[in-house]
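Quick note, this note's numbering runs 680 ahead of the 1-based positions in the sequence shown.
Cβ coordinates follow ideal geometry from the N, Cα and C atoms, glycine included.
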Amino acid sequence: IHAAGEAPPGQAGASRDSRRAHRRAPLPSLSPQGMSCRGLDPARLLLTSEHRVRINGVAILDVTRPDTRPVEELQRDDCRALGRLVVALALRSRAALASSASLSRALDTLRSACSEELVALVTLLLSGPPVGEVCALASGRLLDHAVLVQAQADALRDAYRHEAEHGRVARLLMKLGFVNERPEFDGDPAWSETGDRYLLKLLRDAVFHAVDEDGNPVVSYAHVVSALNKLDAGVDEAILLAGRDHRQSLMVVSYRDLKLLLERAFADLVAAQSETVYSNGAPGMGGGGGGHLHRGGPGGVGL
681 IHAAGEAPPG
691 QAGASRDSRR
701 AHRRAPLPSL
711 SPQGMSCRGL
721 DPARLLLTSE
731 HRVRINGVAI
741 LDVTRPDTRP
751 VEELQRDDCR
761 ALGRLVVALA
771 LRSRAALASS
781 ASLSRALDTL
791 RSACSEELVA
801 LVTLLLSGPP
811 VGEVCALASG
821 RLLDHAVLVQ
831 AQADALRDAY
841 RHEAEHGRVA
851 RLLMKLGFVN
861 ERPEFDGDPA
871 WSETGDRYLL
881 KLLRDAVFHA
891 VDEDGNPVVS
901 YAHVVSALNK
911 LDAGVDEAIL
921 LAGRDHRQSL
931 MVVSYRDLKL
941 LLERAFADLV
951 AAQSETVYSN
961 GAPGMGGGGG
971 GHLHRGGPGG
981 VGL
């Protein structure tokens, strides 16, 4: 049974209601399938995260101690067990379940300390009603829980979107780091400073080594993220690249062309590594058989 995620400020009561709603959740899911839980006990509750509770050992009794009574009667026993479980959790004491007399005293304490709605629910559960009646009584809380679940899903979706954005930028940074200024390719005409890789080096200078009109370094996260996002999307917008010959040469290149150059240069690296691995039978860059880069298609080579 799943409890709701962390409630927003001011909604702690709604979060507690959601946890109570989720403790009732197994019964409606088991009832239509003709099954019973037979495991609702405080000792079998597992708190697996801050607001998530699970029941351990469900259906073990069906194997160790089979019960031939009708399923409807077993489900009513589940309702009674759930009522006792709610009492024990509300009073934070298992002693309330020791005997009928202690349970009666616990109900009196519950009436003076808890809401009428909770008392009505416990009283109904202890009477062993059909599961449908329990769901009808708890329908309002179940709706509150549904709202909290949707809010949690939205928060998780936003967090995933941010992580995906970070992953895209990290892949671009790694590709640029792999391609730029590789010492083993010094003197190689296919990897010369005047070729495509030179533009990638100038792109790195424009993104990370920018200076203002007075020659002071420009440290702007927004500038870096904006440029990398444009490079990742391959937009048609152009960027002005200044050469390293004291800025005597200027080149205007689109982000689309730069992205193609980066993918092509990175694919050449992966192809060179693959040829080394296949010819020598030893792992190349990446250290070990499982961590090195793999070769893909022309447009899909990458991390």
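Mind pulling the alpha helix (DSSP H) runs of 4 or more residues that sit fully within the stretch 702-787?
706-710, 740-744 and 751-771
Take Pro722 as the anchor and find which of Asn736, Ser716 and Arg732 has the nearest alpha-carbon.
Along the sequence shown, read from residue 1 onward, the residue named residue 722 stands at position 42. Checking every option, the nearest Cα to that of Pro722 belongs to Asn736.
Which stretch, first to last residue, makes up the alpha helix (DSSP H) that contains Val811?
The sequence position of residue 811 within the sequence shown is 131, counting from 1. Unbroken alpha helix (DSSP H) run through Val811: Val811 to Leu817.
Strand pairing of Val932, partner residues [DSSP]
Within the sequence shown, the letter at position 252 stands for residue 932. In the DSSP output, where bridge partners are listed per residue, Val932 has Leu920.
Starting from the Cα of Asn860, find the closest Cα among Leu880, Ala850 and Ala922 and give me that residue.
Taking the first residue of the sequence shown as 1, we reach residue 860 at position 180. Residue Leu880 is the option with its Cα nearest to Asn860.
Using only the alpha-carbon positions, how far apart do Asp876 and Leu727 sit?
For the purposes of this step, residue 876 is taken as residue 196 along the sequence shown, with counting starting at 1. For the purposes of this step, residue 727 is taken as residue 47 along the sequence shown, with counting starting at 1. Cα to Cα, Asp876 sits roughly 57 Å from Leu727.
Between Leu852 and Leu949, which are expected to be in contact by the criterion C-beta below 8 Å, what is the C-beta distance as a whole number of angstroms?
Position 172 of the sequence shown holds residue 852. Position 269 of the sequence shown holds residue 949. About 15 Å separates the two Cβ atoms, so there is no contact after all.
On the three-state DSSP scale, how would you describe Val898?
Taking the first residue of the sequence shown as position 1, residue 898 is located at position 218. Val898 falls in the coil class under three-state DSSP.
Could you name the residues of the same chain whose beta carbon sits closer than 6 Å to that of Ala907, not counting the 5 residues immediately before and after it, in chain order?
The count along the sequence shown starts at 1 and reaches residue 907 at position 227. Cβ within range, chain order: Val887.
For Val904, does the three-state DSSP call read helix, strand or coil?
On the sequence shown, position 224 is the one that residue 904 refers to. It is helical.
Would you kindly check if the distance between the Cβ of Ala786 and the Cβ of Ala776 is under 7 Å?
Taking the sequence shown and counting its residues from 1, the one referred to as residue 776 is at position 96. Taking the sequence shown and counting its residues from 1, the one referred to as residue 786 is at position 106. A contact, by the Cβ cut-off of 7 Å.
Within 10 angstroms of its Cβ, does Leu828 collect 16 or more other Cβ (buried), or is it exposed?
Walking along the sequence shown from the start, residue 828 turns up at place 148. The residue in question, Leu828, is buried, as its Cβ has 16 or more Cβ neighbours within 10 Å.
Cβ of Ala947 within 7 Å of Cβ of Val932?
Here residue 947 corresponds to residue number 267 of the sequence shown, with the count starting at 1. Here residue 932 corresponds to residue number 252 of the sequence shown, with the count starting at 1. No, Cβ-Cβ distance for Ala947 and Val932 is not below 7 Å.
Gly970 (DSSP reduced to helix, strand or coil)
Reading the sequence shown from its first residue, position 290 is the one you call residue 970. With a pLDDT of only 41 at Gly970, under 50, the local geometry of the prediction cannot be trusted, and the value read off the model is given with reservation. Correct three-state label for Gly970: coil.
Between Gly812, Leu783, Pro810 and Ala818, which lies nearest to Ala800 when the distance is taken from Cα to Cα?
Indexing the sequence shown from 1 puts residue 800 at position 120. Per the Cα distances, Ala818.
Could you tell me if Leu720 is buried or exposed, where buried requires 16 or more neighbouring beta carbons within 10 angstroms of its beta carbon?
Along the sequence shown, read from residue 1 onward, the residue named residue 720 stands at position 40. Buried: at least 16 other Cβ atoms inside 10 Å.
How many angstroms separate the CA atom of Pro750 from the CA atom of Gly808?
By one-based count along the sequence shown, residue 750 stands at place 70. By one-based count along the sequence shown, residue 808 stands at place 128. Each residue's alpha carbon lies about 14 Å from the other.
Which of helix, strand or coil does DSSP assign to Val915?
Counting from 1 along the sequence shown, the entry for residue 915 is found at position 235. The answer is coil: DSSP assigns Val915 none of H, G, I, E or B.
Suppose you measure from the CA of Val743 to the CA of Ser716; what does that come to, to the nearest Å?
Residue numbering aside, residue 743 sits at position 63 when the sequence shown is read from its first letter. Residue numbering aside, residue 716 sits at position 36 when the sequence shown is read from its first letter. Computed Cα separation, rounded: 13 Å.
Through-space distance from Arg718 to Leu741, alpha-carbon basis:
Counting from one through the sequence shown, the residue named residue 741 turns up at place 61. Counting from one through the sequence shown, the residue named residue 718 turns up at place 38. Rounded to the nearest angstrom, the two C-alpha atoms are 7 Å apart.
Nearest candidate by alpha-carbon position, reference Thr803, set Val766, Gly857 and Asp747
For the purposes of this step, residue 803 is identified with residue 123 of the sequence shown, where counting begins at 1. Ranking Val766, Gly857 and Asp747 by Cα distance to Thr803 puts Val766 first.
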